[in-house]
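K.L.:
First residue of the sequence shown: -5, per the working numbering; consecutive thereafter.
Where is the CB? At the ideal position from N, CA and C, for every residue including glycine.
Note that the coordinates shown come from a computational prediction; the quantities given were computed from them, not determined experimentally.
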Amino acid sequence: MSEFSGLVLPIVAEVTPAGSQSEGKVIATGKLGDIAKESVQNISAIIKKYMGRDISKHDIHIQFIGTYEGVEGDSASISLITAVISAMENVPVRQDVAMTGSISIRGTVLPIGGVTAKIEAAAEAGIKTVLIPRANLNDVLIEDKYKKIIEIIPVETLTDVLQNALVGGGKEELLRKLKEMRPPKIIGKVELESERKKQASLSPETQKT
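1. Per DSSP, what are the beta-bridge partners of glutamate 145 in this structure?
2. For a minimum of 3 consecutive residues, which ranges assigned as the beta strand (DSSP E) are wholly contained in the region 6 to 91?
3. Taking Cβ to Cβ, would you say isoleucine 113 is nearer than 9 Å to isoleucine 99?
4. So what does threonine 151 bridge to, in DSSP terms?
5. Counting pairs of beta carbons, one from the region 38 to 58 and one from the region 1 to 18, are three or more of them closer than 8 Å?
6. Between isoleucine 72 and glycine 95, how many whole angstroms is the CB-CB distance? I'm expecting something under 8 Å.
7. What first and last residue would you give for the alpha helix (DSSP H) that runs through valine 109?
8. To the nearest angstrom, how far is the alpha carbon of isoleucine 144 from that of isoleucine 49?
9. Restricting to Cα atoms, I'd like to know which of Lys122, Leu172, Val91, Thr110 is closest to asparagine 130.
10. Can you tell me the Cα-Cα spacing of alanine 159 and arginine 88, whole angstroms?
11. From the DSSP output, which residues share a beta bridge with isoleucine 97?
12. According to the Cβ coordinates, are isoleucine 5 and isoleucine 40 closer than 9 Å?
13. Among the residues of its own chain, which have a CB less than 8 Å from the CB of lysine 42, if the five just before and after it don't count?
14. With DSSP run on the structure shown, which of helix, strand or coil describes leucine 169?
15. Between valine 134 and valine 103, which are expected to be in contact by the criterion C-beta below 8 Å, what is the C-beta distance as a whole number of angstroms?
16. Relative to the C-alpha of alanine 77, which candidate in Gly120, Lys31, Val9, Lys171 has its C-alpha closest?
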């Protein structure tokens, strides 16, 4: 779903062995703006941190279909990473679901703009379910005629997105692997705790010097 507008854009992803011996590439087509390009480049980092997968030996091909007006912003981020994970793990994506939301490299779904217009566009396109950032839930002001025909599911993490977007036999195994992954370490906090323990271990005489 495109930035600040009511337009539903299909996304196709394919993961293949890297064409270069040095490192794989992320290739996206469809008139992407600068911020949209950055969100595409973040995919490999998110997959490595959140899923423990090194995709440096693969090329990731992403195609935005019907992007005559171009793609701006990063509101397609959760759609992008869902499409790539689907291709990597061979787990299908539900075709009656649309989604919108940015995502951090820690796998947290971040708010976007124009959420009401995007939900209404999905409803007009015949979509039955739409995933939106939980942080945007209070921003939803859709007309009454749409409330009966579309289900709105708020999501907070990449796991939430995949839980609601994927389908098929491999879904539960993929979700199980995600749950087993330890959350990324927050380096600043670790360093702070280490310093506190160091100070606590010092004797009063040592601290005075």
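P.N.:
If we stick to the structure as given:
1. Thr123
2. 20 to 23, 52 to 58
3. no
4. Thr102
5. yes
6. 4 Å
7. 109 to 118
8. 36 Å
9. Thr110
10. 6 Å
11. Val103
12. no
13. Asp48, Ile49
14. helix
15. In fact, because the Cβ distance is near 15 Å, the residues do not count as touching under 8 Å.
16. Val9
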